Structure formats: structure tokens, C-alpha cells
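One structure is given here, and the rest of the page talks about it.
In UniProt numbering, the protein residues as written are 1 to 248.
Okay, structure coming up:
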């Protein structure tokens, strides 16, 4: 129904950095004009936001943001598990696939390895407070991670890479694209087909310039937000360069 779609779009908006706790939403008339619908449709959409506990109506005043969904604000590279556990949230991963395979050309290009070189492929669902937050496909060179196991993937890859393998993760290249959930992804994330999701490609590298992990993630934007505070790097600092196009 259209009011549900509008509610989802408003949910994404109020979860953005443009809104803070206590910020007012535009009036129903303005939103009706924006979305090209009747005010009653907007009212039903806001009723959903109220039911989700994200906004509150104040008689004679308007509608205001009362809370945001799972939120991660970062100034540096931090693993998802690290961030959410710091917030006191219960996090666990379900591994759907884990196998060794020859690297196809597109993945070999990302990781700067030879085509058909052995890599780990894993597919896992990340849960927060029992709700599916993200579907992740991950590719890692076997030569760097000889001991990678199912148990490691059920925990934190950052912990495994840095604490067990002794490899320092220096940085990460990310590309973010809004997409609509297809049937398979919608089923895994327990959302309706065509729900707005965030597709993220991530390429991590070490202090020595080796590319460690390439991931393609589909994140449920209803329940997770990231705000980035990006610092300017002095021009004379050099970083390993990603492939020209690191989107799969």
C-alpha cells in the first residue's frame, strides 16, 4: 500500500543526519504535495511512524522525532560487531555458505590476486537483537587466512584478522548504492520484496597494502544508519589504490 511505502521513505529520511531527536517533520499538507497523495494517506504513513516509536504527535504543534533506529556514527574504521556491542546490543551471525573456490576475474581484480587463485567465499546474515540486519557475501584470499573457519565467521572477521592473524587493517574503500530488495534477499532479511535497501561494496586493505577482504552487503535501512565524519588526509600521505571500479 502506498502509505506504507511513504512511511518507509520518511523513516529513511528521519534516520539521516538531517534530522535529530526533537526535529519536527514537515506538515501533512507539505508532505502530501511532495508525495502527490491525499493528506489522509500521509496521516496513515505517520501513524505507522508513531507505532514504530520513531515520532510523536503534539497537539497543535506538529510531529517530532523521538528516536532513531540502530545508529552508528563513525570517525574511523570500526567493525559492525564492535560498534553494536559497544552500544550494548546483542549481535550474532548465521553462516549460510562457506567454501573455497577459484577466484573469478571480477573478484581477483578487486583483491589484486591471480584469476583462479584460491579464495574463501562466505555468505552470512548478521542479526541485531534477533532481527536480520544485513546479508553479506565475502571473498578473502586463502593464502592470507589459512585458518579461517566457520566459527570465525560466526563472530567478528575484524577480530580474526587482527588478533589471530596479526594483520593490521589500515583502511577500507566503500561504495554505497540504494537498491530494491529482490525476492531472495527479501526472504533472507524478512522484508517485503522491493523494500529499499543499501547495497555496500567494501574493500579492506592492510598496513602493508595487501587487499584482505572484498564484501558485497545488502543492509536493511529500516534498522541501521551510519553517519560518517570524514577527515581530510594530507596530500603527501599515500594509500593503496583500489581498482578503477571496485563495484561488482
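The beta carbon of each residue, even a glycine, is placed where N, CA and C say it ideally should be. Since we're looking at a predicted model, the values are computed, not measured.
Where residue i falls, given that 16 or more other Cβ within 10 Å makes a residue buried
i: residue 197; result: buried
i: residue 59; result: exposed
i: residue 141; result: buried
i: residue 124; result: buried
i: residue 96; result: exposed
i: residue 157; result: buried
i: residue 33; result: exposed
i: residue 2; result: exposed
i: residue 9; result: exposed
i: residue 208; result: exposed
i: residue 168; result: exposed
i: residue 75; result: Below a pLDDT of 50, predicted positions are generally treated as unreliable, and residue 75, at 41, falls in that range; the measurement from the model is reported next regardless. Counting Cβ neighbours within 10 Å, residue 75 comes out exposed, since fewer than 16 surround it.
i: residue 217; result: buried
i: residue 194; result: exposed
i: residue 220; result: buried
i: residue 110; result: buried
i: residue 18; result: exposed
i: residue 61; result: exposed
i: residue 126; result: buried
i: residue 7; result: buried
i: residue 201; result: buried
i: residue 184; result: exposed
i: residue 151; result: exposed
i: residue 128; result: buried
i: residue 91; result: buried
Where the alpha helix (DSSP H) containing residue i begins and where it ends
i: residue 5; result: 2-14
i: residue 41; result: 39-51
For residue i, the residue or residues it bridges with in DSSP
i: residue 191; result: Residue 191 pairs with nothing; no bridge assigned.
i: residue 60; result: Residue 60 is not bridged to any residue.
i: residue 249; result: Limits of the chain in this structure are 1 at one end and 248 at the other, which puts residue 249 out of reach.
i: residue 175; result: 201
i: residue 180; result: 196
i: residue 55; result: 65
i: residue 24; result: 64
Candidates the options: closest to residue i by CA position
i: residue 23; options: 64, 119, 207, 157; result: 64
i: residue 215; options: 207, 203, 126; result: 203
i: residue 135; options: 172, 113, 186; result: 186
i: residue 137; options: 170, 109, 99, 179; result: 99
i: residue 11; options: 47, 30, 37, 38; result: 47
i: residue 120; options: 31, 54, 149; result: 149
i: residue 28; options: 37, 21, 20; result: 37
i: residue 210; options: 163, 54, 145, 14; result: 145
i: residue 103; options: 112, 116, 91; result: 116
i: residue 94; options: 188, 205, 200, 206; result: 188
i: residue 133; options: 106, 190, 54; result: 190
Segment limits, beta strand (DSSP E) that includes residue i
i: residue 200; result: 196-206
i: residue 212; result: 211-220
Report the residue ranges of all alpha helix (DSSP H) runs contained in full by the stretch 86-171; include only those spanning at least 4 residues, in chain order. 105-111, 150-153
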